[in-house]
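In what follows, a structure is listed as structure tokens, so that the remarks can point back to it.
Number of protein chains: 2
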Amino acid sequence: MSLPHALMTSLLEKSCSGYDLARRFGKSIGYFWQASHQQIYRELGRMEEAGWIRSAAADDGGKTRKRIYEVLPPGCEELRRWAQEPVDPPNLREEFFVRLRAEAVMGPLGLEHELERRMGLHSLRLQAYRAIEQRDFLGKELSREATIQYLILKAGIMQQEGAVAWSQEALRVFRAWAAIGVLG
Amino acid sequence: MSLPHALMTSLLEKSCSGYDLARRFGKSIGYFWQASHQQIYRELGRMEEAGWIRSAAADDGGKTRKRIYEVLPPGCEELRRWAQEPVDPPNLREEFFVRLRAEAVMGPLGLEHELERRMGLHSLRLQAYRAIEQRDFLGKELSREATIQYLILKAGIMQQEGAVAWSQEALRVFRAWAAIGVLG
DNA sequence: CCAACCATGTAAGCGGTTACATGATTGG
DNA sequence: CCAATCATGTAACCGCTTACATGGTTGG
Chain A
0 MSLPHALMTS LLEKSCSGYD LARRFGKSIG YFWQASHQQI YRELGRMEEA
50 GWIRSAAADD GGKTRKRIYE VLPPGCEELR RWAQEPVDPP NLREEFFVRL
100 RAEAVMGPLG LEHELERRMG LHSLRLQAYR AIEQRDFLGK ELSREATIQY
150 LILKAGIMQQ EGAVAWSQEA LRVFRAWAAI GVLG
Chain B
0 MSLPHALMTS LLEKSCSGYD LARRFGKSIG YFWQASHQQI YRELGRMEEA
50 GWIRSAAADD GGKTRKRIYE VLPPGCEELR RWAQEPVDPP NLREEFFVRL
100 RAEAVMGPLG LEHELERRMG LHSLRLQAYR AIEQRDFLGK ELSREATIQY
150 LILKAGIMQQ EGAVAWSQEA LRVFRAWAAI GVLG
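Below you can see the structure in the form of structure tokens.
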């Protein structure tokens with residue numbers, strides 16, 4: 000569990016409301032960490048209670064219920080402590096591989112379409128990442144912060160490239176079987 | 000959720016006990032799907048109740064409590080149905096990237112050691128995968144089933160290779176900073 | 001005016017993790 | 001004999017997902 004820390008990191012980058020955080024988690028940070036608004040509001044409540052963050056009504060003359068959250072020194076401290084903890088890389092949990100393995104043991108189930116669809120999805124994500132790369136990082140002098148963010152983005156790019164390449168190889172195999180009618 | 004289906008796939012490959020499943024999930028299948036023995040026993044119970052599998056006391060003369068599980072036709076049916084469902088690839092959930100991002104916004108926290116450690120772990124996994132590749136797949140005529148299993152293994156290999164390469168790049172960056180003493 | 005979006009929540013359920021527990025068999 | 005491994009469970013907790021709910025603001 001580290002959602003609170005992910006939220007504080009995001010808040011340090013820029014203070015904002017829970018709603019804004021939820022939207023941000025659909026974008027940049029959300030590429031490697033997801034969270035629903037329900038989770039976010041709950042965690043914000045807990046974190047405020049713990050004294051890690053504080054909130055203030057947004058400067059909109061009380062028109063909305065919007066609250067802006069800000070990280071407090073104890074939160075910073077905690078984030079710093081947490082960031083230095085070691086964590087093993089998670090092993091992937093890929094449902095599709097289980098399906099593939101089921102197809103291997105139960106005979107042809109027609110997973111070609113699914114392979115195509117998934118390759119399309121990976122291509123799309125790759126495109127999205129490449130667009131961010133083009134917009135924010137290529138052909139610029141990068142600060143230390145930007146350099147690190149670029150490193151993270153590159154991890155995503157490499158991952159998607161790998162997934163696309165793998166999908167293509169898998170498709171080649173399945174299509175060859177389809178062409179010659181091999182069943183086992 | 001698809002642990003029951005992962006278990007049935009494993010049982011179709013070879014009927015065995017819950018304990019054996021737990022060990023197998025620490026190996027081949029476990030490279031892309033993990034489960035603790037507690038989960039496994041609970042799911043086996045549910046699946047038997049649902050009529051997807053059945054169990055019989057092991058053929059050891061009642062020496063142990065060991066029970067061998069076997070997939071029944073309804074379980075096969077269900078697995079076939081499930082295997083054809085589409086699933087989007089999961090987006091990675093990488094705690095370490097959150098930490099990196101925290102390091103980006105809070106200044107140097109000394110994540111180099113952690114990067115080295117993680118690179119070592121990825122190298123180890125890669126080695127393990129390569130050993131399996133060598134032992135089970137290279138220089139052999141592969142059946143349809145083996146070909147698919149090899150495809151899955153290759154996905155793991157590519158993933159680890161990518162992770163190692165990325166770690167090296169990240170380390171280069173951090174070491175360059177350390178060498179010239181850049182702080183921001 | 002109405003739809004879309006902003007903004008924040010509650011409640012139920014489930015899968016996964018952690019801790020705890022038991023007893024039998026095997027090997028040194 | 002003792003430790004490790006085999007083998008199977010129970011109980012509590014927690015984060016995440018899904019469904020449901022509310023009310024205000026903005027723009028066409």
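Chains A and B, in that order, give the protein sequences.
First residue of the first sequence? That's 0 in numbering that gives the first Met the number 0, and the numbers climb one at a time after it.
First residue of the second sequence? That's 0 in numbering that gives the first Met the number 0, and the numbers climb one at a time after it.
Glycine included, C-beta positions come from ideal geometry on N, C-alpha and C.
As the structure is a prediction and not an experimental result, all values here were calculated from the model.
For residue 30 of chain A, there is no enclosing beta strand (DSSP E), as DSSP marks it with neither H nor E. The three-state reading of DSSP puts residue 54 of chain B in strand, counting E and B together.
Judged by DSSP secondary structure, residue 92 of chain A falls outside any alpha helix (DSSP H); it is assigned neither H nor E.
In the structure shown, residue 64 of chain B adopts coil according to DSSP, grouped into three states.
Contacts between residue 24 of chain A and chain B, judged by CB atoms closer than 7 Å, are missing: the closest CB pair is about 11 Å apart. Ranked by how close their Cα comes to the Cα of residue 71 of chain A, the residues A:87, A:12, A:135, A:50 have A:50 in first place. Only exposed fits residue 35 of chain B, as fewer than 16 other CB atoms lie within 10 angstroms of its CB. Against chain B, the beta carbon of residue 157 of chain A has neighbours under 8 Å at 161, 164, 165, listed in chain order. In the three-state scheme derived from DSSP, where H, G and I count as helix and E and B as strand, residue 70 of chain A is classed as strand. Under DSSP, residue 15 of chain A forms a beta bridge with A:68. Annotated three-state conformation of residue 85 of chain B is coil, per DSSP.
Contact between the stretch 1-9 of chain B and the stretch 161-177 of chain A is absent: fewer than 3 CB-CB pairs across the two stretches fall below 8 Å. Here residue 122 of chain B carries a helix assignment [DSSP, helix/strand/coil]. In the structure shown, residue 135 of chain B adopts helical secondary structure according to DSSP, grouped into three states. Between the C-alpha atoms of residue 73 of chain B and residue 135 of chain B there is a straight-line separation of about 32 Å. In the DSSP annotation of this structure, the continuous segment of the alpha helix (DSSP H) that includes residue 43 of chain B starts and ends at 36-48. Three or more beta-carbon pairs drawn from the stretch 19-36 of chain B and the stretch 88-103 of chain A are found closer than 8 Å, and the two stretches are therefore classed as touching. Identification of chain B residues near residue 63 of chain A by a Cβ-Cβ cut-off of 7 Å yields none; the smallest Cβ-Cβ distance measures about 27 Å.
Contact annotation: the stretch 137-151 of chain B does not touch the stretch 164-171 of chain B, with fewer than three C-beta pairs closer than 8 Å. Counting along the chain, residue 173 of chain A sits inside the alpha helix (DSSP H) bounded by residues 143-179. Cβ contact annotation for residue 122 of chain A (same chain, cutoff 7 Å, sequence separation greater than five): 163, in chain order. Chain B places a beta carbon closer than 7 Å to that of residue 94 of chain A, counting this residue as a contact. When CB distances to chain B are screened at a threshold of 9 Å, the residues of the stretch 96-129 of chain A falling below it are 96, 97, 98, 99, 100, 101, 102, 103, 104, 105, 106, 107, 108, 109, 110, 112, 113, 116, 117, 120, 121, 124, in chain order.
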